[in-house]
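Student: Residue numbers (this note's numbering): 24 to 160.
1. In terms of residue numbering, what span does the beta strand (DSSP E) encompassing residue 88 cover?
2. Among residues of its own chain, excluding the 5 on either side of residue 46, which ones have a beta-carbon nearer than 6 Å to its beta-carbon?
3. How would you label residue 95, buried or exposed, when you count the other beta carbons within 10 angstroms and need 16 or more for buried?
4. Between residue 116 and the rest of its own chain, which residues show a CB-CB distance below 8 Å, the 5 nearest in sequence each way excluded?
5. So, with DSSP's three-state summary, where would you put residue 34?
6. Do you know whose CA, among 124, 68, 93 and 120, lies nearest residue 32's CA?
7. Go ahead and pull the three-state DSSP assignment for residue 27.
8. Going by other Cβ atoms of all chains shown within 10 Å of its Cβ, with 16 needed for buried, is residue 63 buried or exposed?
9. According to DSSP, is residue 64 part of a helix, a strand, or is it coil?
Below you can see the structure in the form of structure tokens.
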């Protein structure tokens with residue numbers, strides 16, 4: 024899984040980046056074991072239209088591409104605090120992935136088995152076919 028983090032309009036520190044990457048990857052890892060080549064882009068920015076007298080307003084957007092048809096997920100949340108914004112995005116993303124995972128597993132359960140799904144037995148089913156010498160004695 025590739026994670027790209029983009030931070031705009033405020034100071035980028037290693038602690039903020041590690042926190043953001045850890046939260047996002049921990050929330051999506053259980054769902055993306057089937058898609059190891061997925062790509063995640065996280066964009067966090069401070070709202071530019073706020074004046075300097077007001078408190079800052081953060082926006083966080085997560086774009087998840089699982090390299091599978093119809094599998095681009097976009098989650099956007101905003102808050103007055105950076106950590107609250109990241110928490111809301113991870114909770115929403117986990118909910119969306121949980122719902123998609125349930126849909127995918129129910130589709131796989133409803134699918135009829137084909138001949139490719141039936142395992143091939145290389146060993147004979149009966150013991151007499153396995154040991155032809157035992158019939159002679």
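Ideal Cβ placement from N, Cα and C applies to all residues, glycine included.
Fair warning: this is a prediction, and the values are worked out from it, not measured in the lab.
Tutor: Result, derived from the coordinates:
1. 81-88
2. 109 and 113
3. exposed
4. Closer than 8 Å at Cβ, skipping near neighbours: 47, 50, 51, 85, 87, 96 and 98.
5. coil
6. 68
7. strand
8. Buried, because 16 or more other Cβ atoms sit within 10 Å of the Cβ of residue 63.
9. strand
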